[in-house]
Each structure stands twice: as C-alpha cells, then as structure tokens.
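Protein chains: 2
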Amino acid sequence: MLQTSIEINKAAIILKLLGDNTRLTMMKLLDTQACCVCEFVEIFQTSQPSISQHLRKIKDIGLVREERKSQWVFYSLNKSSEYYPFIKSILEQLPNQDEKLKELDEKGSRISCC
Amino acid sequence: MLQTSIEINKAAIILKLLGDNTRLTMMKLLDTQACCVCEFVEIFQTSQPSISQHLRKIKDIGLVREERKSQWVFYSLNKSSEYYPFIKSILEQLPNQDEKLKELDEKGSRISCC
DNA sequence: TAAGTATATAGTTATTTGCTTATATAAACA
DNA sequence: TGTTTATATAAGCAAATAACTATATACTTA
Numbered sequence: 198m199l200q201t202s203i204e205i206n207k208a209a210i211i212l213k214l215l216g217d218n219t220r221l222t223m224m225k226l227l228d229t230q231a232c233c234v235c236e237f238v239e240i241f242q243t244s245q246p247s248i249s250q251h252l253r254k255i256k257d258i259g260l261v262r263e264e265r266k267s268q269w270v271f272y273s274l275n276k277s278s279e280y281y282p283f284i285k286s287i288l289e290q291l292p293n294q295d296e297k298l299k300e301l302d303e304k305g306s307r308i309s310c311c
Numbered sequence: 198m199l200q201t202s203i204e205i206n207k208a209a210i211i212l213k214l215l216g217d218n219t220r221l222t223m224m225k226l227l228d229t230q231a232c233c234v235c236e237f238v239e240i241f242q243t244s245q246p247s248i249s250q251h252l253r254k255i256k257d258i259g260l261v262r263e264e265r266k267s268q269w270v271f272y273s274l275n276k277s278s279e280y281y282p283f284i285k286s287i288l289e290q291l292p293n294q295d296e297k298l299k300e301l302d303e304k305g306s307r308i309s310c311c
C-alpha cells in the first residue's frame, strides 16, 4: 500500500515541536481526550503562561485546535491536520499517560475546573 | 500484537534530535546506505565540523555507529539500538532522499572520497 | 618521516528556546 | 457594574543550540 509521505523539512519542524517533554506528553494526553489549560497547569506543575505558550506552538501549525466552553478553553488533537497520520503513528508508540489525569481526579483538581 | 513502547522522556529526546533538517535527512539517507562525513559535507553544503557535530549527537545516544575504513569514517544506522523500531517507523514515512547522493555521483564528488 | 587528506574537538558567537513576571482579555457571577 | 476566574500575550532573561574558525588527531602515501 502506498504510504503518503510528509515533506522532510515539514517533518523536521513537527519533530522538533514534539521533541519536548511537556508538549509530547500533552499530545499523548490529547490523543485520548480533550483537556483544558488548567489541567495541564496542574499536571505539569508549571506556570499557566508556560502551558499557554506550548499550546500556542502546537496550535500554530495546526496539530491541535481549541474550543472555548464558557470560561475554559479545551484543546484537542486536530484529526483533520495533514500531519495527523504522522503524529498518530508516533503517539501510538508512547505509553499511555492517562494516570496523570487520574491523579487529578483523585485530588479533586480535575473537577474544580472541567 | 503488543507494541513495545518507549519511555516518553526518552522519546522526547530522540524526537528533538530528529527535529533538525540536517540530522533528519542524514538519518533518512543512512536508512538506505552508509555514508561518510565528506559526503554529508557535500550534500548539505556546510562546514565539516558542523556535520561532525550533528553526527556526534546522534551517535552519542546510539542511533548511528561509525566505522573507520582507512582514512574515512562511515556512519550507518544502528539497527541494534533499542530505539531503532521507533526511528524506523518515523523514517519510513519520509520521502526518499537518495537523489541527493545521485547528484554527488553525477558530479563525481562521491567517487572522490568513497 | 614529512606532507596531504579526512575527521574530531575546542572555543566563540548569534540565535532560539523555555521559563518567569507583569499585564491584558474574556467570561461568569454577585 | 465590579470582582473573580481562566487564558493569552508581552517583555526579559538564562540556558541550549547550531553555526563558525582554529586546531588536534588519525591515517595514507610519497
């Protein structure tokens, strides 16, 4: 079967974006479910602007999309992106990160915002 | 079939290394055949130290290995690396870069060193 | 052994990156 | 409308990156 290939310099740009622990973990989490900014802030124990900046980078090249739901902004994988198959094939090989969300559930932090 | 997964922070390190146009193209070329430093210098039209430094980075985490053949050092993909399946699955999705080597052949530059 | 060729390493520098703090914007609600 | 909550943006800074030049090392060959 013919595999669609991605231009090599585009691939490099995407791999560089994925080549960051925070962004890669975000993408893996989003592969399972949409998340809002405040959840990421909890999970990564970092500042809210830092999270927003990471999200902006992956949004700018279309890997994720945002959807505002009242005061919260939810991010999800953009499955219509031309790069989605490429991304997906990488994420598939990573271990599930959902225990990070479970911890939030247990702490009650998740319910607080989402 | 159970897919072996790669630790997420290790994956991030590898993706960052691949997230550079020069290194990614190198890896794709090496996926086809071993290359020596001087070929890369020709192909990328950059300085020899720059090429050596890129090669060192991907060698340091074991993605490639080097083999000296008289005065030349040939690099090849390290198929024994624990990360090789991950790498391979990414490289498979990239367009073949061998025309870059063909150009060298045509210019005669390839024969000059290898 | 001296000279030439191929590669590696060291040191320097400009650019990029990711974080921080401060501030702006948007929505919810009293 | 004023306050609170969630998020985005701007500005500043330290660390990482990738290039360069100069130099060291390794091998070949005259």
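Residue numbers (my numbering), protein chains in the order written: chain A, 198 to 311; chain B, 198 to 311.
Glycine included, every Cβ here is placed at the ideal spot set by N, Cα and C.
All figures in this text were calculated on a predicted structure; none of them were measured in a lab.
For B:K225, the closest Cβ of chain A is nearer than 8 Å.
Beta-bridge partners assigned by DSSP to B:R262: B:S273. Against chain B, the beta carbon of A:A209 has neighbours under 9 Å at L215, G216, D217, N218, T219, R220, L221, T222, listed in chain order. Per DSSP, the unbroken alpha helix (DSSP H) holding B:Y281 starts and ends at 281-288. With the criterion set as a beta carbon lying under 9 Å from some beta carbon of chain A, the members of the segment 279-292 of chain B are P282, F283, S286, I287, E289, Q290, L291, P292, in sequence order. Within the segment 244-264 of chain B, no residue places its CB atom closer than 7 Å to a CB of chain A. Between A:I240 and A:L301, the gap from beta carbon to beta carbon is short of 8 Å. Annotation for A:K297: T222, L226, I240 place their beta carbon closer than 8 Å to its own, counting only its chain and skipping 5 residues before and after. Against chain B, the beta carbon of A:Q294 has neighbours under 8 Å at I205, listed in chain order. A:I205 is positioned such that its CB atom lies closer than 8 Å to that of B:L291. Within chain A, the residues E289, Q290, L291, P292, N293 have their CB atoms less than 9 Å from the CB of B:S202, given in chain order. It is roughly 28 Å from the alpha-carbon of A:S286 to the alpha-carbon of A:T243. At a cut-off of 8 Å between beta-carbon atoms, B:L212 makes contact with chain A. Residues T222, K225, L226 of the same chain have their beta carbon placed closer than 6 Å to that of B:Q294, with the five preceding and five following residues left out of the count. The shortest C-alpha to C-alpha distance from B:G216 to any of A:N218, A:T229, A:A209 is the one to A:A209. With fewer than 16 other CB atoms across the displayed protein chains lying within 10 angstroms of its CB, B:K299 is exposed.
Spatial neighbours of B:H251 in its own chain (CB-CB distance under 6 Å, excluding positions within 5 residues in sequence) are listed in chain order as T219, R220.
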